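Quick mapping for you: the protein sequence lines, in order, are chains Y and U. At position 64 of the first sequence the residue is numbered 63 (numbering that gives the first Met the number 0), and the sequence of numbers has no breaks. At position 45 of the second sequence the residue is numbered 44 (numbering that gives the first Met the number 0), and the sequence of numbers has no breaks. Written out below as structure tokens is the structure these notes cover.
Number of protein chains: 2
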Amino acid sequence: MSVFYEKTINTRSIYEGKIIKVRLDTVQLPNGKESYREIVEHGGAVAIVPVEDDKVYFVKQFRKPVEKVLLEIPAGRLEPGEDPEDCARRELAEEIGFQPLELKRLSSFYSSPGFSNETLYLFLARGLVEKKAETHDEGEFLEVETLPFQEALRRASAGEIEDGKTIAGLLMAAYYLSRV
Amino acid sequence: MSVFYEKTINTRSIYEGKIIKVRLDTVQLPNGKESYREIVEHGGAVAIVPVEDDKVYFVKQFRKPVEKVLLEIPAGRLEPGEDPEDCARRELAEEIGFQPLELKRLSSFYSSPGFSNETLYLFLARGLVEKKAETHDEGEFLEVETLPFQEALRRASAGEIEDGKTIAGLLMAAYYLSRV
């Protein structure tokens, strides 16, 4: 047990939504005092860097929380009990219409551990073979865009990409590809 | 106006916390149908990669949402109206006890734009001069740890770091430092 551990004294459910749940925990701090932690529960998601012929596939979609269209690597939420690799294959088919011959897990990380438990499972997909999904998410509108790998990497490195998982994904993929 | 734009038809406040607010928006999708967006509002934060003598400074702290101690670059929430650069200097003093002679903004990005508007302003800090903060966040318990820059980079690249902003920060700093 870490000396920093915060013991839960009470937990109160604030909201049970379709995608997130929100709760307020009363915790005992290491110094014995009480404090509160506002926590957003999320079921986790995958994100995939799809690379073929030295091109990276992206999706552009409107993100209501930031009121903008963002350029992102394909991604999507895990269904309950779904294996992250299966989810990555499903999202690739749904979002860009490809199936990968090779799917390599690069990492899993927390997108914002200060207030949320959302875990992102990050993959590199290569050997892309056309495969349209039979179904799509209701209410998901997106456009596929490709960039040369070096240009994508330049944009991520230079601070021109606004989505955190896309920055981490491109830079980790570049490191991995430089070593295989 | 993007063809993907989602018009807000109704917005309902769910929760007004100290750190987050939660709301449920009813939106009109591009196909005319209605849908819902669960949105976590956050005031934004800074994260800093502090590098001195080829060492990177990290903080280890307990993160209640994931029930673990994480190794992260120094970071903290913006106070209302606070300039991100001022916030970065404040957090460096509070968390690791240094002031930077050079503070370079590397990027700003959204940590999880699918459900939150949290923006992270990312900085590289060099020329660290000792300066203890006069005040600390109540209820913040952390430990400073350093790693050689190459070892930090290896961990971030190899998927051994669990915090998204720390992965993005280290890899962007490495790119920037390789070019100056």
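Yeah, the Cβ is synthetic: ideal placement off N, Cα and C, and Gly gets one too. Computed from a predicted structure; not experimentally measured.
8 Å contact criterion, which residue i and residue j should meet: CB distance rounded
| i | j | result |
| --- | --- | --- |
| Val55 of chain Y | Leu127 of chain Y | With 8 Å as the limit, Val55 of chain Y and Leu127 of chain Y do not qualify as a contact, their Cβ atoms being about 11 Å apart. |
| Pro64 of chain U | Asp162 of chain Y | So it is not a contact: roughly 20 Å between Cβ atoms. |
| Gly221 of chain Y | Glu37 of chain U | For residue 221 of chain Y there is no data in the structure shown, the boundaries of chain Y being 0 and 179. |
| Leu100 of chain U | Ala87 of chain U | With 8 Å as the limit, Leu100 of chain U and Ala87 of chain U do not qualify as a contact, their Cβ atoms being about 13 Å apart. |
| Ala167 of chain U | Ile166 of chain Y | 5 Å |
| Ala124 of chain Y | Ile47 of chain Y | 5 Å |
| Phe57 of chain Y | Glu129 of chain Y | 17 Å between Cβ atoms; not a contact. |
| Glu51 of chain Y | Ala74 of chain Y | About 18 Å separates the two Cβ atoms, so there is no contact after all. |
6 Å Cβ shell around residue i - same chain, five flanking residues per side excluded
| i | result |
| --- | --- |
| Ile18 of chain U | none |
| Ala132 of chain U | Ala92 and Glu93 |
| Arg104 of chain U | Phe122 |
| Leu152 of chain U | Leu169 and Ala173 |
| Glu117 of chain U | His41 and Ser110 |
| Lys164 of chain U | Ala46 and Leu119 |
Residue i - DSSP class collapsed to helix/strand/coil
| i | result |
| --- | --- |
| Phe148 of chain U | helix |
| Asn136 of chain U | Per the sequence shown, residue 136 of chain U should be read as Asp rather than Asn. Asp136 of chain U falls in the coil class under three-state DSSP. |
| Pro73 of chain Y | coil |
| Lys17 of chain U | coil |
| Ala155 of chain U | helix |
| Val65 of chain Y | helix |
| Phe114 of chain U | coil |
| Val26 of chain U | strand |
| Tyr120 of chain U | strand |
| Phe3 of chain U | coil |
| Lys103 of chain U | strand |
| Gly80 of chain U | coil |
Extent of the continuous alpha helix (DSSP H) to which residue i belongs
| i | result |
| --- | --- |
| Ile166 of chain Y | Gly163 to Arg178 |
| Leu91 of chain U | Pro83 to Ile95 |
Contact list for residue i against chain C, beta-carbon separation under 7 Å
| i | result |
| --- | --- |
| Val21 of chain U | Checking the listed chains, one finds no chain C in this structure; the protein chains it contains are Y and U. |
Same chain only: Cβ atoms within 8 Å of residue i, ignoring 5 sequence neighbours per side
| i | result |
| --- | --- |
| Tyr35 of chain Y | Leu23, Asp24, Thr25 and Val26 |
| Gln60 of chain Y | Val68, Leu69, Glu71, Glu139, Phe140, Leu141 and Glu142 |
For residue i, the first and last residue of its enclosing beta strand (DSSP E)
| i | result |
| --- | --- |
| Glu33 of chain U | Glu33 to His41 |
| Val55 of chain U | Lys54 to Arg62 |
| Ile160 of chain Y | Where Ile160 of chain Y is concerned, there is no enclosing beta strand (DSSP E), given that its DSSP letter is neither H nor E. |
| Pro49 of chain U | Ala44 to Glu51 |
Cβ shell of residue i (< 7 Å), same chain only, five flanking positions each side left out
| i | result |
| --- | --- |
| Asp53 of chain Y | Pro147 and Phe148 |
| Val39 of chain U | Ile19, Val21, Phe114 and Ser115 |
| Ile13 of chain U | Val21, Arg22 and Leu23 |
| Ser106 of chain U | Leu121 and Met171 |
Practice task
Using a Cβ-Cβ cut-off of less than 7 Å, give me the residues of the segment 45-76 of chain Y that come near chain U, in sequence order.
Solution key: Gln60, Phe61, Arg62, Lys63, Pro64, Val65, Val68 and Leu69
Exercise for the section: Name, going along the chain, the residues of the segment 103-128 of chain Y whose beta-carbon falls closer than 9 Å to a beta-carbon of chain U. Expected result: Arg104, Leu105, Ser106, Ser107, Phe108, Tyr109, Ser110, Ser111, Pro112, Gly113, Phe114, Ser115, Asn116, Glu117, Thr118, Leu119 and Leu121
Practice task
Scan the segment 76-89 of chain U for residues whose Cβ lies nearer than 9 Å to a Cβ of chain Y and list them as they occur along the chain.
Solution key: Arg76
Exercise for the section: Could you list the residues in the segment 129-158 of chain Y with a C-beta less than 7 Å from some C-beta on chain U, going in chain order? Expected result: Gly138, Phe140, Ser156 and Gly158
Exercise for the section: Could you please tell me which residues of the segment 26-37 of chain Y, in chain order, have their CB closer than 8 Å to any CB of chain U? Expected result: Val26, Leu28, Pro29, Asn30, Lys32, Ser34, Tyr35, Arg36 and Glu37
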